[in-house]
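Undergrad:
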Amino acid sequence: MNQKSILLLSLFIALGSFSIKHLMERADRVVFKENHGSNPDYFVENMKRLSYNKNGKVQNELVSSLVKHFPNDDSLVFKSPRMKIHEKEGPPWNVVSDSAWVNSDRSLVILNGEVYIWRMDIEGNKQYEILTSDLTIKPFEKFAHTTKAAQITTQGIVTNTVGLKVVFKEGRVQLSERVRTIYESR
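Each residue of the sequence shown is one higher than the one before, starting from 5 at the first, in our numbering.
1. Compare the beta carbon distance of PHE82 and SER103 with 8 Å and say whether it is the shorter of the two.
2. Is the region 134 to 142 close to the region 55 to 63, with three or more CB pairs under 8 Å?
3. Since ILE89 is in the beta strand (DSSP E), which residue starts that stretch and which ends it?
4. Based on the DSSP secondary-structure assignment, which residues constitute the bridge partners of ILE161?
5. Are the Cβ atoms of GLN4 and HIS90 separated by less than 8 Å?
6. Which term fits LYS61, buried or exposed, when burial requires 16 or more other beta carbons within 10 angstroms of its beta carbon?
7. Roughly how many angstroms separate the alpha carbons of TYR120 and ILE186, rounded to a whole number?
8. Which of helix, strand or coil does DSSP assign to GLU181?
9. Could you name the residues that DSSP lists as bridge partners for SER137?
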């Protein structure tokens, strides 16, 4: 990829991300709630869970050193969760965080603390590398977003932003505001 193409790509990303700023501001904001006054009714150590699609292929993988279930709201809390989100084509997305909270119908996952997301390309190189915090995931929609600062690294390009949106099924990352891109030539 030549330098002109990279600059045009960066400009396209910046303009596209600005347009979704308003969508991000309107997105449902769910705050992680601690389970005050509630004790877990069970826990699982060193959990590994696989979910499959209708064709029997692995769709998602989840590993956590500790999972606690809270009966007052049927929520789950994970310690050091590690996830793989598989798509029809290409390598999976990998997501790691300090902790996570999952609501009762499992339609909302809130990753707390530092969040690291990456995806490898076909040759085994990192295609995307994202560092952020406090990420909200809607697993059934294969969508994630945050309003926190984030750094995205891809093919020698480092982009810093405040807020981002990831559409896993499309392999797309959209940036929200205060976008700054640095191209590091090799």
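Every residue, glycine too, gets a C-beta built ideally from N, C-alpha and C.
TA: Taking the coordinates as given:
1. Along the sequence shown, read from residue 1 onward, the residue named residue 82 stands at position 78. Along the sequence shown, read from residue 1 onward, the residue named residue 103 stands at position 99. For PHE82 and SER103, yes; Cβs fall inside 8 Å.
2. no
3. On the sequence shown, residue 89 is found 85 positions in, with the first residue counted as 1. From DSSP, the beta strand (DSSP E) with ILE89 extends over 86 to 89.
4. The residue you call residue 161 lines up with position 157 of the sequence shown. For ILE161, which the question treats as bridged, DSSP gives the partners THR158, TYR187.
5. Here the chain has residues from 5 to 190 only, and residue 4 is not among them.
6. Here residue 61 refers to the residue found at position 57 when the sequence shown is read from its first residue. Answer is exposed; the Cβ neighbour count stays below 16.
7. Your numbering for residue 120 matches position 116 in the sequence shown. Your numbering for residue 186 matches position 182 in the sequence shown. Computed Cα separation, rounded: 20 Å.
8. Taking the first residue of the sequence shown as position 1, residue 181 is located at position 177. In the structure shown, GLU181 sits in a strand (DSSP, three-state: E or B).
9. Here residue 137 refers to the residue found at position 133 of the sequence shown. Partner(s): GLU118.
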